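**Student:** All letters in the sequence shown, in the order written, are residues 24 to 430 by the numbering used here.
Ideal Cβ placement from N, Cα and C applies to all residues, glycine included.
Bear in mind the structure is a predicted one, so any value in this text is a computation, not a measurement.
I'd like to ask some things about the structure below.
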Amino acid sequence: MGVVGDNKVAWDEEINALITLLVDIRANSLADADMAGVLKTKPKENISSLLSKLNNTTIVRVVIPDLIHDSLVASNATDWENAWLTGQVGANDVNSKEDWEAEFTELANVISSFNTLGDMGSLDVMAKTGDTYDVDLTVLKGALLSMNNGRIFKLQPMGGILEDALDGVGIAGVAVTSYPANQAGWTTEIDKIFEMIAKMREVGTLDTSAIKTKAANTGAMLNLMKGTTMLGGTVFDEVIDSFIMRTDYYKSASNPDGIFDDQYLTDMKSWSQYDWEGELVLVGEYNLESDTQEGRMIDQMATSALLLPLIADEANKHIARVNEELLDAFKSLAPQLDLLDDDEVLERAQTTTWEREIRALEAVIDQIDAGTDPGDYALDADDKTDSTGEYKTIGWYICEVINDLSN
(Lines of atoms letter the chains of each structure in order from A and count residues from 1; the text may use other names and numbers.)
(Lines give C-alpha, C1' and ligand atoms only; values in the text may rest on other atoms or scores of the structure.)
Protein backbone atom coordinates (compact mmCIF):
# COMPACT_ATOMS: atom_id res chain seq x y z
CA MET A 1 0.00 0.00 0.00
CA GLY A 2 1.03 3.59 -0.55
CA VAL A 3 1.89 5.82 2.40
CA VAL A 4 -0.22 8.92 3.09
CA GLY A 5 1.44 12.07 4.37
CA ASP A 6 1.47 12.48 8.19
CA ASN A 7 -0.94 15.40 8.39
CA LYS A 8 -4.68 16.07 8.50
CA VAL A 9 -4.88 17.68 5.04
CA ALA A 10 -3.24 14.71 3.36
CA TRP A 11 -5.58 12.28 5.06
CA ASP A 12 -8.63 14.38 4.23
CA GLU A 13 -7.61 14.31 0.55
CA GLU A 14 -6.99 10.58 0.67
CA ILE A 15 -10.34 9.83 2.32
CA ASN A 16 -12.16 11.94 -0.29
CA ALA A 17 -10.30 10.16 -3.09
CA LEU A 18 -11.15 6.74 -1.64
CA ILE A 19 -14.83 7.64 -1.26
CA THR A 20 -14.94 8.89 -4.87
CA LEU A 21 -13.28 5.67 -6.00
CA LEU A 22 -15.71 3.51 -4.01
CA VAL A 23 -18.70 5.28 -5.54
CA ASP A 24 -17.30 4.62 -9.02
CA ILE A 25 -16.61 0.97 -8.21
CA ARG A 26 -20.18 0.47 -7.04
CA ALA A 27 -21.61 2.36 -10.02
CA ASN A 28 -19.79 -0.04 -12.33
CA SER A 29 -20.87 -3.12 -10.31
CA LEU A 30 -17.26 -3.98 -9.52
CA ALA A 31 -17.48 -4.21 -5.74
CA ASP A 32 -18.19 -7.94 -5.61
CA ALA A 33 -16.63 -8.94 -8.93
CA ASP A 34 -13.30 -9.93 -10.42
CA MET A 35 -12.34 -6.39 -11.33
CA ALA A 36 -9.70 -7.42 -13.87
CA GLY A 37 -12.11 -9.70 -15.70
CA VAL A 38 -15.14 -7.42 -15.56
CA LEU A 39 -13.31 -4.18 -16.31
CA LYS A 40 -13.03 -4.92 -20.03
CA THR A 41 -16.81 -5.22 -20.34
CA LYS A 42 -17.31 -1.56 -19.42
CA PRO A 43 -17.35 1.40 -21.83
CA LYS A 44 -13.92 2.89 -22.34
CA GLU A 45 -15.01 6.18 -20.74
CA ASN A 46 -15.95 4.30 -17.55
CA ILE A 47 -12.65 2.42 -17.58
CA SER A 48 -10.63 5.61 -17.98
CA SER A 49 -12.60 7.37 -15.23
CA LEU A 50 -12.19 4.47 -12.81
CA LEU A 51 -8.45 4.18 -13.42
CA SER A 52 -8.02 7.92 -12.98
CA LYS A 53 -9.86 7.86 -9.64
CA LEU A 54 -7.83 4.87 -8.54
CA ASN A 55 -4.69 6.78 -9.50
CA ASN A 56 -5.78 9.79 -7.41
CA THR A 57 -5.48 7.75 -4.21
CA THR A 58 -2.23 7.13 -2.42
CA ILE A 59 -3.04 3.95 -0.55
CA VAL A 60 -4.65 1.99 -3.39
CA ARG A 61 -3.01 3.29 -6.59
CA VAL A 62 -0.09 0.90 -6.18
CA VAL A 63 -2.39 -1.92 -7.37
CA ILE A 64 -2.80 -0.33 -10.82
CA PRO A 65 0.04 -2.29 -12.51
CA ASP A 66 -1.26 -5.58 -11.07
CA LEU A 67 -4.83 -4.73 -12.07
CA ILE A 68 -3.73 -4.05 -15.63
CA HIS A 69 -1.59 -7.18 -15.69
CA ASP A 70 -4.49 -9.30 -14.41
CA SER A 71 -6.75 -7.75 -17.04
CA LEU A 72 -4.26 -8.79 -19.71
CA VAL A 73 -4.09 -12.28 -18.24
CA ALA A 74 -7.89 -12.48 -18.52
CA SER A 75 -7.62 -11.68 -22.25
CA ASN A 76 -4.57 -13.89 -22.86
CA ALA A 77 -2.66 -10.75 -23.81
CA THR A 78 0.42 -10.96 -21.60
CA ASP A 79 2.64 -11.37 -24.68
CA TRP A 80 1.79 -7.75 -25.45
CA GLU A 81 3.07 -6.43 -22.07
CA ASN A 82 5.98 -4.04 -22.27
CA ALA A 83 8.78 -3.85 -19.70
CA TRP A 84 7.38 -0.47 -18.58
CA LEU A 85 4.40 -2.34 -17.08
CA THR A 86 6.02 -5.58 -15.94
CA GLY A 87 8.69 -3.60 -14.10
CA GLN A 88 5.97 -2.19 -11.82
CA VAL A 89 4.05 -5.42 -11.11
CA GLY A 90 4.15 -7.11 -7.69
CA ALA A 91 6.48 -5.65 -5.09
CA ASN A 92 8.16 -3.28 -7.55
CA ASP A 93 7.83 0.48 -7.22
CA VAL A 94 4.96 2.11 -9.11
CA ASN A 95 5.59 5.09 -11.36
CA SER A 96 4.22 8.53 -10.55
CA LYS A 97 0.59 9.59 -10.79
CA GLU A 98 1.51 11.80 -13.74
CA ASP A 99 3.11 8.90 -15.62
CA TRP A 100 0.05 6.73 -15.17
CA GLU A 101 -2.50 9.46 -15.85
CA ALA A 102 -0.98 9.92 -19.31
CA GLU A 103 -1.74 6.26 -20.11
CA PHE A 104 -5.39 5.95 -19.18
CA THR A 105 -7.22 7.25 -22.27
CA GLU A 106 -5.41 4.90 -24.66
CA LEU A 107 -5.31 2.07 -22.11
CA ALA A 108 -9.08 2.27 -21.62
CA ASN A 109 -9.61 1.88 -25.38
CA VAL A 110 -7.34 -1.18 -25.42
CA ILE A 111 -9.05 -2.87 -22.46
CA SER A 112 -12.50 -2.13 -23.87
CA SER A 113 -11.42 -3.58 -27.23
CA PHE A 114 -10.49 -6.87 -25.55
CA ASN A 115 -14.16 -7.49 -24.86
CA THR A 116 -14.87 -7.42 -28.62
CA LEU A 117 -11.68 -9.12 -29.77
CA GLY A 118 -11.69 -11.96 -27.26
CA ASP A 119 -8.58 -14.08 -26.82
CA MET A 120 -5.64 -11.90 -27.86
CA GLY A 121 -3.37 -14.92 -27.94
CA SER A 122 -5.21 -16.60 -30.79
CA LEU A 123 -6.42 -13.82 -33.07
CA ASP A 124 -6.98 -15.08 -36.61
CA VAL A 125 -7.88 -12.19 -38.90
CA MET A 126 -8.74 -14.57 -41.74
CA ALA A 127 -11.07 -16.86 -39.76
CA LYS A 128 -14.80 -16.70 -40.50
CA THR A 129 -17.98 -17.93 -38.89
CA GLY A 130 -20.40 -18.30 -41.75
CA ASP A 131 -20.00 -15.21 -43.91
CA THR A 132 -18.69 -13.03 -41.07
CA TYR A 133 -15.05 -12.60 -40.14
CA ASP A 134 -14.35 -13.37 -36.49
CA VAL A 135 -12.07 -10.36 -35.96
CA ASP A 136 -13.35 -6.81 -36.42
CA LEU A 137 -10.44 -5.09 -38.17
CA THR A 138 -11.58 -1.60 -37.13
CA VAL A 139 -11.58 -2.58 -33.45
CA LEU A 140 -8.23 -4.38 -33.69
CA LYS A 141 -6.57 -1.53 -35.56
CA GLY A 142 -7.87 0.98 -33.01
CA ALA A 143 -6.55 -1.15 -30.15
CA LEU A 144 -3.10 -1.45 -31.74
CA LEU A 145 -2.88 2.28 -32.43
CA SER A 146 -3.80 2.94 -28.80
CA MET A 147 -1.16 0.44 -27.67
CA ASN A 148 1.36 2.29 -29.79
CA ASN A 149 0.44 5.63 -28.21
CA GLY A 150 1.41 4.48 -24.72
CA ARG A 151 4.18 2.69 -22.84
CA ILE A 152 2.28 -0.29 -21.44
CA PHE A 153 2.34 -2.45 -24.56
CA LYS A 154 4.77 -3.75 -27.16
CA LEU A 155 3.59 -4.53 -30.67
CA GLN A 156 5.91 -7.33 -31.77
CA PRO A 157 3.12 -9.95 -31.29
CA MET A 158 1.63 -8.46 -34.46
CA GLY A 159 4.21 -10.57 -36.26
CA GLY A 160 2.44 -13.72 -35.12
CA ILE A 161 -0.92 -12.37 -36.30
CA LEU A 162 0.55 -11.79 -39.76
CA GLU A 163 2.17 -15.23 -39.87
CA ASP A 164 -1.22 -16.78 -39.09
CA ALA A 165 -2.92 -14.56 -41.69
CA LEU A 166 -0.52 -15.76 -44.37
CA ASP A 167 -1.07 -19.34 -43.28
CA GLY A 168 -4.79 -18.68 -43.67
CA VAL A 169 -4.34 -17.84 -47.35
CA GLY A 170 -2.06 -20.80 -48.01
CA ILE A 171 1.39 -19.31 -47.39
CA ALA A 172 2.82 -21.36 -44.52
CA GLY A 173 6.18 -21.22 -42.78
CA VAL A 174 6.90 -17.50 -43.11
CA ALA A 175 8.61 -16.02 -40.03
CA VAL A 176 8.39 -12.31 -39.22
CA THR A 177 11.62 -11.05 -37.68
CA SER A 178 11.79 -7.34 -38.60
CA TYR A 179 9.77 -4.62 -36.88
CA PRO A 180 9.45 -0.82 -37.01
CA ALA A 181 12.02 1.00 -34.91
CA ASN A 182 9.87 3.72 -33.34
CA GLN A 183 6.35 4.92 -32.62
CA ALA A 184 5.97 6.80 -35.90
CA GLY A 185 7.16 3.74 -37.79
CA TRP A 186 4.59 1.57 -36.04
CA THR A 187 1.77 3.99 -36.86
CA THR A 188 2.65 3.84 -40.56
CA GLU A 189 3.07 0.07 -40.39
CA ILE A 190 -0.32 -0.47 -38.77
CA ASP A 191 -2.03 1.64 -41.45
CA LYS A 192 -0.39 -0.36 -44.24
CA ILE A 193 -0.95 -3.74 -42.61
CA PHE A 194 -4.67 -3.23 -42.09
CA GLU A 195 -5.19 -1.95 -45.62
CA MET A 196 -3.33 -5.06 -46.76
CA ILE A 197 -5.42 -7.41 -44.60
CA ALA A 198 -8.64 -5.91 -45.98
CA LYS A 199 -7.37 -6.72 -49.50
CA MET A 200 -6.28 -10.16 -48.34
CA ARG A 201 -9.84 -10.86 -47.24
CA GLU A 202 -11.09 -9.89 -50.69
CA VAL A 203 -8.60 -12.21 -52.37
CA GLY A 204 -8.82 -15.27 -50.13
CA THR A 205 -6.50 -18.17 -50.89
CA LEU A 206 -3.36 -17.32 -52.85
CA ASP A 207 -3.54 -19.80 -55.70
CA THR A 208 -4.18 -19.77 -59.45
CA SER A 209 -7.59 -18.15 -59.03
CA ALA A 210 -6.00 -15.22 -57.20
CA ILE A 211 -4.29 -14.41 -60.52
CA LYS A 212 -6.91 -15.60 -63.01
CA THR A 213 -9.96 -13.96 -61.42
CA LYS A 214 -8.67 -11.50 -58.80
CA ALA A 215 -5.44 -10.19 -60.30
CA ALA A 216 -6.01 -6.49 -59.53
CA ASN A 217 -6.94 -7.08 -55.89
CA THR A 218 -4.17 -9.62 -55.40
CA GLY A 219 -1.64 -7.26 -56.95
CA ALA A 220 -2.82 -4.33 -54.84
CA MET A 221 -2.48 -6.48 -51.72
CA LEU A 222 1.05 -7.53 -52.67
CA ASN A 223 2.05 -3.93 -53.42
CA LEU A 224 0.94 -2.99 -49.91
CA MET A 225 2.72 -5.99 -48.41
CA LYS A 226 6.08 -5.26 -50.02
CA GLY A 227 6.02 -1.76 -48.52
CA THR A 228 5.75 -2.97 -44.93
CA THR A 229 8.61 -3.52 -42.51
CA MET A 230 7.35 -6.85 -41.21
CA LEU A 231 6.50 -8.48 -44.55
CA GLY A 232 8.82 -6.64 -46.94
CA GLY A 233 12.33 -7.53 -48.11
CA THR A 234 13.37 -11.18 -47.93
CA VAL A 235 10.10 -12.14 -46.23
CA PHE A 236 8.24 -10.81 -49.27
CA ASP A 237 10.53 -12.90 -51.49
CA GLU A 238 9.47 -15.98 -49.51
CA VAL A 239 5.81 -15.08 -49.86
CA ILE A 240 6.02 -14.66 -53.64
CA ASP A 241 8.02 -17.86 -54.13
CA SER A 242 5.46 -19.79 -52.11
CA PHE A 243 2.56 -18.10 -53.94
CA ILE A 244 3.90 -18.91 -57.42
CA MET A 245 4.67 -22.49 -56.44
CA ARG A 246 1.03 -22.95 -55.40
CA THR A 247 -0.27 -21.95 -58.83
CA ASP A 248 -0.57 -23.60 -62.23
CA TYR A 249 2.02 -21.08 -63.47
CA TYR A 250 4.79 -22.94 -61.61
CA LYS A 251 6.71 -25.29 -63.88
CA SER A 252 7.79 -28.55 -62.27
CA ALA A 253 8.08 -32.25 -63.01
CA SER A 254 4.45 -32.66 -61.99
CA ASN A 255 3.32 -29.60 -63.97
CA PRO A 256 5.38 -29.31 -67.18
CA ASP A 257 2.84 -26.87 -68.66
CA GLY A 258 3.80 -24.17 -66.16
CA ILE A 259 5.96 -21.23 -67.20
CA PHE A 260 7.89 -20.15 -64.08
CA ASP A 261 10.53 -22.69 -63.02
CA ASP A 262 12.94 -22.68 -60.07
CA GLN A 263 15.68 -20.91 -62.02
CA TYR A 264 13.19 -18.20 -62.96
CA LEU A 265 12.30 -17.72 -59.28
CA THR A 266 15.98 -17.25 -58.49
CA ASP A 267 16.76 -14.94 -61.40
CA MET A 268 13.80 -12.58 -60.90
CA LYS A 269 14.47 -11.53 -57.30
CA SER A 270 14.05 -9.31 -55.52
CA TRP A 271 10.28 -9.51 -55.95
CA SER A 272 9.81 -6.10 -54.32
CA GLN A 273 10.96 -4.32 -57.48
CA TYR A 274 7.80 -5.08 -59.45
CA ASP A 275 4.39 -3.42 -59.69
CA TRP A 276 2.28 -6.42 -58.77
CA GLU A 277 -1.09 -4.97 -59.63
CA GLY A 278 -0.13 -4.35 -63.24
CA GLU A 279 1.98 -7.49 -63.56
CA LEU A 280 -0.60 -9.96 -62.28
CA VAL A 281 -3.26 -8.60 -64.60
CA LEU A 282 -0.98 -9.43 -67.54
CA VAL A 283 0.07 -12.81 -66.15
CA GLY A 284 -3.60 -13.64 -65.67
CA GLU A 285 -4.17 -13.19 -69.41
CA TYR A 286 -1.45 -15.68 -70.33
CA ASN A 287 -3.15 -18.78 -71.75
CA LEU A 288 -1.70 -21.80 -69.97
CA GLU A 289 -3.97 -24.14 -71.91
CA SER A 290 -2.54 -23.21 -75.32
CA ASP A 291 0.77 -24.30 -76.83
CA THR A 292 1.22 -20.82 -78.31
CA GLN A 293 0.18 -17.32 -77.30
CA GLU A 294 -1.77 -14.97 -79.54
CA GLY A 295 0.00 -11.99 -81.04
CA ARG A 296 -1.81 -9.55 -78.76
CA MET A 297 -0.56 -11.50 -75.73
CA ILE A 298 3.03 -11.43 -76.96
CA ASP A 299 2.74 -7.66 -77.41
CA GLN A 300 1.55 -7.45 -73.79
CA MET A 301 4.42 -9.66 -72.65
CA ALA A 302 6.75 -7.00 -74.02
CA THR A 303 5.38 -4.61 -71.37
CA SER A 304 5.58 -7.09 -68.47
CA ALA A 305 8.68 -7.54 -66.33
CA LEU A 306 7.45 -10.96 -65.20
CA LEU A 307 6.66 -12.26 -68.69
CA LEU A 308 9.48 -10.58 -70.62
CA PRO A 309 11.95 -13.45 -70.03
CA LEU A 310 9.54 -15.75 -71.89
CA ILE A 311 8.82 -13.54 -74.88
CA ALA A 312 11.44 -14.82 -77.35
CA ASP A 313 10.41 -18.44 -76.82
CA GLU A 314 6.77 -17.58 -77.43
CA ALA A 315 7.44 -15.58 -80.60
CA ASN A 316 9.82 -18.20 -81.97
CA LYS A 317 7.19 -20.94 -81.59
CA HIS A 318 5.26 -19.24 -84.39
CA ILE A 319 8.34 -18.85 -86.56
CA ALA A 320 9.30 -22.50 -86.00
CA ARG A 321 5.82 -23.57 -87.06
CA VAL A 322 6.16 -21.65 -90.35
CA ASN A 323 9.57 -23.27 -90.93
CA GLU A 324 8.02 -26.72 -90.49
CA GLU A 325 5.26 -25.90 -92.97
CA LEU A 326 7.78 -24.56 -95.48
CA LEU A 327 9.97 -27.65 -95.19
CA ASP A 328 7.01 -29.95 -95.66
CA ALA A 329 5.78 -28.04 -98.71
CA PHE A 330 9.01 -27.15 -100.52
CA LYS A 331 11.40 -29.87 -99.31
CA SER A 332 14.99 -29.07 -100.22
CA LEU A 333 13.98 -25.75 -101.78
CA ALA A 334 12.30 -24.57 -98.58
CA PRO A 335 13.44 -21.17 -97.35
CA GLN A 336 13.87 -20.96 -93.58
CA LEU A 337 13.30 -18.10 -91.17
CA ASP A 338 15.90 -17.31 -88.51
CA LEU A 339 14.72 -17.45 -84.93
CA LEU A 340 14.81 -14.12 -83.11
CA ASP A 341 16.62 -13.01 -79.98
CA ASP A 342 15.00 -10.97 -77.20
CA ASP A 343 15.95 -7.62 -78.70
CA GLU A 344 14.57 -8.52 -82.13
CA VAL A 345 11.30 -9.73 -80.62
CA LEU A 346 10.97 -6.53 -78.60
CA GLU A 347 11.71 -4.37 -81.63
CA ARG A 348 8.88 -6.00 -83.56
CA ALA A 349 6.52 -5.61 -80.61
CA GLN A 350 7.22 -1.88 -80.79
CA THR A 351 6.98 -1.56 -84.59
CA THR A 352 5.06 -4.10 -86.63
CA THR A 353 3.51 -5.59 -83.44
CA TRP A 354 3.15 -9.30 -82.89
CA GLU A 355 -0.57 -9.10 -83.42
CA ARG A 356 0.17 -8.13 -87.03
CA GLU A 357 3.19 -10.44 -87.31
CA ILE A 358 1.30 -13.56 -86.30
CA ARG A 359 -1.71 -12.65 -88.41
CA ALA A 360 0.66 -12.42 -91.38
CA LEU A 361 2.37 -15.72 -90.52
CA GLU A 362 -0.99 -17.46 -90.22
CA ALA A 363 -1.92 -16.11 -93.65
CA VAL A 364 1.29 -17.58 -95.06
CA ILE A 365 0.51 -20.97 -93.49
CA ASP A 366 -3.00 -20.88 -94.92
CA GLN A 367 -1.56 -20.33 -98.40
CA ILE A 368 0.97 -23.14 -97.96
CA ASP A 369 -1.80 -25.50 -96.84
CA ALA A 370 -3.91 -24.43 -99.82
CA GLY A 371 -1.09 -25.36 -102.21
CA THR A 372 -0.57 -21.81 -103.49
CA ASP A 373 2.04 -21.66 -106.23
CA PRO A 374 5.20 -19.63 -105.75
CA GLY A 375 4.66 -16.26 -107.35
CA ASP A 376 1.08 -16.06 -106.10
CA TYR A 377 1.71 -15.53 -102.38
CA ALA A 378 0.10 -12.31 -101.15
CA LEU A 379 -0.96 -10.56 -97.93
CA ASP A 380 -3.44 -7.86 -97.04
CA ALA A 381 -1.84 -4.44 -97.14
CA ASP A 382 -2.07 -4.04 -93.35
CA ASP A 383 -0.18 -7.31 -92.82
CA LYS A 384 2.82 -6.34 -94.95
CA THR A 385 4.35 -3.54 -92.89
CA ASP A 386 3.84 -1.47 -89.78
CA SER A 387 1.59 1.59 -90.00
CA THR A 388 4.48 3.76 -91.24
CA GLY A 389 5.45 1.36 -94.02
CA GLU A 390 9.03 1.37 -92.73
CA TYR A 391 9.14 -2.06 -91.08
CA LYS A 392 8.31 -5.17 -93.12
CA THR A 393 6.58 -8.09 -91.39
CA ILE A 394 8.24 -11.49 -91.27
CA GLY A 395 5.24 -12.89 -93.11
CA TRP A 396 5.63 -10.50 -96.02
CA TYR A 397 9.36 -11.15 -96.14
CA ILE A 398 8.81 -14.91 -96.49
CA CYS A 399 6.10 -14.33 -99.12
CA GLU A 400 8.64 -12.44 -101.21
CA VAL A 401 11.19 -15.23 -100.77
CA ILE A 402 8.66 -17.90 -101.77
CA ASN A 403 7.55 -15.87 -104.78
CA ASP A 404 11.18 -15.67 -105.91
CA LEU A 405 11.15 -19.47 -106.22
CA SER A 406 8.98 -19.06 -109.33
CA ASN A 407 11.80 -17.33 -111.19
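Whole angstroms is fine: what's the gap from L74's alpha carbon to I213's?
**Tutor:** Within the sequence shown, the letter at position 51 stands for residue 74. Within the sequence shown, the letter at position 190 stands for residue 213. For L74 and I213, the distance between alpha carbons rounds to 27 Å.
**Student:** Please specify which runs of the alpha helix (DSSP H), each continuous and at least 4 residues long, are wholly inside the region 350-426, giving them in chain order.
**Tutor:** Segments of the alpha helix (DSSP H) lying fully in the region 350-426: 365-373, 377-392.
**Student:** Considering F176, what are the terminal residues of the alpha helix (DSSP H) in which it resides?
**Tutor:** Counting from 1 along the sequence shown, the entry for residue 176 is found at position 153. No alpha helix (DSSP H) contains F176, which DSSP labels as neither H nor E.
**Student:** Using only the alpha-carbon positions, how far apart do D290 and L329 sit?
**Tutor:** To locate residue 290, count along the sequence shown from 1; it is residue 267. To locate residue 329, count along the sequence shown from 1; it is residue 306. If I take the Cα positions, the gap works out to 11 Å.
**Student:** Helix, strand or coil for Y14 per DSSP?
**Tutor:** Nothing about residue 14 can be reported from this structure: the residues present for the chain run from 24 to 430 only.
**Student:** Taking 8 Å as the cut-off, decide whether the C-beta atoms of G196 and R269 are in contact.
**Tutor:** Within the sequence shown, the letter at position 173 stands for residue 196. Within the sequence shown, the letter at position 246 stands for residue 269. Contact: no.
**Student:** Enumerate in chain order the residues of its own chain whose CB-to-CB distance from W299 is below 6 Å, with the five nearest sequence positions on each side excluded.
**Tutor:** As a position in the sequence shown, residue 299 is number 276, starting the count at 1. Excluding sequence neighbours, W299 sits near G242, L245, N246.
**Student:** Considering only DSSP beta bridges, list what E212 is partnered with.
**Tutor:** To locate residue 212, count along the sequence shown from 1; it is residue 189. Answer is none; E212 lacks a bridge partner.
**Student:** Looking at the structure shown, is N240 part of a helix, part of a strand, or coil, going by DSSP?
**Tutor:** Here residue 240 refers to the residue found at position 217 of the sequence shown. The answer is helix: DSSP assigns N240 an H, G or I state.
**Student:** The alpha helix (DSSP H) spanning R319 covers which residue range?
**Tutor:** Position 296 of the sequence shown, counting from 1, holds the residue named residue 319. Where R319 is concerned, the enclosing alpha helix (DSSP H) stretches over 318-324.
**Student:** Taking C-beta to C-beta, are T128 and S71 nearer than 8 Å?
**Tutor:** Position 105 of the sequence shown, counted from the start, is the residue given in the question as residue 128. Position 48 of the sequence shown, counted from the start, is the residue given in the question as residue 71. Yes, the pair counts as a contact, with Cβ atoms nearer than the cut-off.
**Student:** If you measure between the beta carbons of T231 and D271, is that distance less than 8 Å?
**Tutor:** Position 208 of the sequence shown, counted from the first residue, corresponds to residue 231. Position 248 of the sequence shown, counted from the first residue, corresponds to residue 271. In this structure, D271 lies closer than 8 Å to T231 by Cβ.
**Student:** Does DSSP put N115 in a helix, in a strand, or in coil?
**Tutor:** By 1-based counting over the sequence shown, the position of residue 115 is 92. Of the three classes helix, strand and coil, the one that applies to N115 here is coil, per DSSP.
**Student:** So what's S275 in DSSP terms, helix, strand or just coil?
**Tutor:** Sequence index remark: in the sequence shown, residue 275 carries index 252 (1-based). Correct three-state label for S275: strand.
**Student:** Would you report the Cα separation of P358 and R224, rounded to the nearest angstrom?
**Tutor:** Within the sequence shown, numbered from 1, the residue matching residue 358 stands at position 335. Within the sequence shown, numbered from 1, the residue matching residue 224 stands at position 201. Each residue's alpha carbon lies about 56 Å from the other.
**Student:** Please identify the residue among N138, D190, T257 whose C-alpha is closest to the C-alpha of P66.
**Tutor:** Residue mapping note: residue 66 aligns to position 43 of the sequence shown, counting from 1. Of the listed residues, the one whose Cα sits closest to P66 is N138.
**Student:** Hey, quick one: how far does the alpha helix (DSSP H) through I134 stretch, first residue to last?
**Tutor:** Taking the first residue of the sequence shown as position 1, residue 134 is located at position 111. 127-140 is the extent of the alpha helix (DSSP H) around I134.
**Student:** So if DSSP puts Y156 in a beta bridge, which residue, or which two residues, is it bridged to?
**Tutor:** Mapped onto the sequence shown, residue 156 falls at position 133. For Y156, which the question treats as bridged, DSSP gives the partners K151.
**Student:** Just list the residues that DSSP pairs E124 with in beta bridges.
**Tutor:** On the sequence shown, residue 124 is found 101 positions in, with the first residue counted as 1. DSSP, once it has assigned bridges, lists no residue as partnering E124.
**Student:** Within this structure, are the beta carbons of G262 and N240 separated by less than 8 Å?
**Tutor:** Taking the sequence shown and counting its residues from 1, the one referred to as residue 262 is at position 239. Taking the sequence shown and counting its residues from 1, the one referred to as residue 240 is at position 217. This sequence places Val at residue 262; Gly is not what is there. For V262 and N240, no; Cβs fall outside 8 Å.
**Student:** Counting pairs of Cβ atoms below 8 Å between the region 142-154 and the region 96-111, do you hit three or more?
**Tutor:** Counting Cβ pairs under 8 Å, three or more are found: they touch.
**Student:** What did DSSP end up calling E312 once you bin it into helix, strand or coil?
**Tutor:** As a first step, residue 312 is located in the sequence shown; it is residue number 289 there, counting from the start. E312: coil per DSSP, three-state reduction.
**Student:** Count the C-beta pairs between the region 164-177 and the region 103-110 that are closer than 8 Å, then say yes if the count reaches three, no if not.
**Tutor:** With the cut-off at 8 Å, the region 164-177 and the region 103-110 touch.
**Student:** Could you check if S293 is buried or exposed, using at least 16 other CB atoms within 10 Å of its CB as the buried criterion?
**Tutor:** Within the sequence shown, the letter at position 270 stands for residue 293. S293 comes out exposed.
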